[in-house]
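The block underneath contains the structure these notes are about, expressed in structure tokens.
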Amino acid sequence: MRKKGLSSELIVDAAVALIKEKDSAIFSVRELALKLDVKAASLYNHIASVDDVNLKVAERVSDKINDLLVEATEGKNREDAIRAMAYAYYHYALENPQLYHFIIGLPALDQDNGIGKVGKQSIRVIRALIHRYRISHEEAVHFSRCFRGALHGFVMLETTGYFTCYGLSPESSFKFLIDGYTRWIQDLENHHMQSNDITERDMTTNET
94 MRKKGLSSEL IVDAAVALIK EKDSAIFSVR ELALKLDVKA ASLYNHIASV
144 DDVNLKVAER VSDKINDLLV EATEGKNRED AIRAMAYAYY HYALENPQLY
194 HFIIGLPALD QDNGIGKVGK QSIRVIRALI HRYRISHEEA VHFSRCFRGA
244 LHGFVMLETT GYFTCYGLSP ESSFKFLIDG YTRWIQDLEN HHMQSNDITE
294 RDMTTNET
């Protein structure tokens, strides 16, 4: 890494490289300085602490995931968008396991800024897609939580060495999972519409 032109961006680059090399989110200012070939004291002209660097790495990774989810869903119908979004999330986690584990392992902190604010970006993409279905607000919240939990749980298990038995590929099981979720939200919508139709008929009957 070059000595001159030290910047916050270069420090984040070094932190990302360290996380990938060490397969760990734990690093010191001294390690960052060695990676950049500078004195540790010079880093404090650009950062406040390792926690500050962690937040900047989290922002970069979250922005990347968010961009991938948005790009994956653009111009697609509802079911294709759900599948595309799920696979964009899945492939990023598989291709960048160290960074994925890093960002998931960080605390949410303040929900209105910092990592909490960053995390809301990808949640908004998922919720916007779910709101294309005619289901209740409560069902939308439940589905969003379950869907996010299923994606995260699956990739965490696969990236830590599970799903290697029974002669079935992890990706075939992931497809099975996503197919199940697309059917589930369609069933929720059908049930919601049928319930509303029954309610409307009951109201019409009472009025007459």
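All letters in the sequence shown, in the order written, are residues 94 to 301 by this note's numbering.
For each residue, glycine too, the CB sits at the ideal point set by N, CA and C.
Note that the coordinates shown come from a computational prediction; the quantities given were computed from them, not determined experimentally.
Is it true that the CB of residue j sits closer than 9 Å to the CB of residue i?
{"i": "residue 195", "j": "residue 154", "result": "yes"}
{"i": "residue 182", "j": "residue 252", "result": "no"}
{"i": "residue 179", "j": "residue 271", "result": "yes"}
{"i": "residue 225", "j": "residue 141", "result": "no"}
{"i": "residue 185", "j": "residue 158", "result": "yes"}
{"i": "residue 235", "j": "residue 197", "result": "no"}
{"i": "residue 191", "j": "residue 280", "result": "no"}
Residues in the same chain with beta-carbon distance under 8 Å from residue i, minus the five sequence neighbours each way, listed in chain order, please.
{"i": "residue 237", "result": "216, 219, 220, 223"}
{"i": "residue 126", "result": "132, 133, 135, 136"}
{"i": "residue 139", "result": "99, 100, 101, 104"}
{"i": "residue 187", "result": "248, 251, 252"}
{"i": "residue 282", "result": "226, 227, 228"}
{"i": "residue 285", "result": "227, 228, 229, 232"}
{"i": "residue 243", "result": "270, 274"}
What does a CB cutoff of less than 7 Å around residue i pick up in its chain, not counting 5 residues either side in sequence?
{"i": "residue 135", "result": "99"}
{"i": "residue 122", "result": "133, 136, 143"}
{"i": "residue 230", "result": "none"}
{"i": "residue 264", "result": "none"}
{"i": "residue 169", "result": "177"}
For residue i, does the three-state DSSP call read helix, strand or coil?
{"i": "residue 220", "result": "helix"}
{"i": "residue 194", "result": "helix"}
{"i": "residue 126", "result": "helix"}
{"i": "residue 182", "result": "helix"}
{"i": "residue 139", "result": "coil"}
{"i": "residue 131", "result": "coil"}
{"i": "residue 170", "result": "coil"}
{"i": "residue 117", "result": "coil"}
{"i": "residue 189", "result": "coil"}
{"i": "residue 99", "result": "coil"}
Compute the beta-carbon to beta-carbon distance between residue i and residue j, rounded to the nearest angstrom, for a pair I have assumed lies under 8 Å.
{"i": "residue 118", "j": "residue 146", "result": "Their Cβ separation, rounded to whole angstroms, is 10 Å, which puts residue 118 and residue 146 out of contact at 8 Å."}
{"i": "residue 111", "j": "residue 128", "result": "6 Å"}
Excluding the 5 residues flanking residue i on each side, which residues of the same chain have their C-beta closer than 6 Å to its C-beta?
{"i": "residue 176", "result": "271"}
{"i": "residue 171", "result": "225"}
Is residue i a contact residue of the ligand MG, with contact defined as CB to any heavy atom under 8 Å?
{"i": "residue 263", "result": "Although the ligand MG was asked about, the structure shown includes no ligands whatsoever."}
Fill in: Continuous alpha helix (DSSP H) assignments of at least 4 residues falling wholly in the region 213-288
230-252
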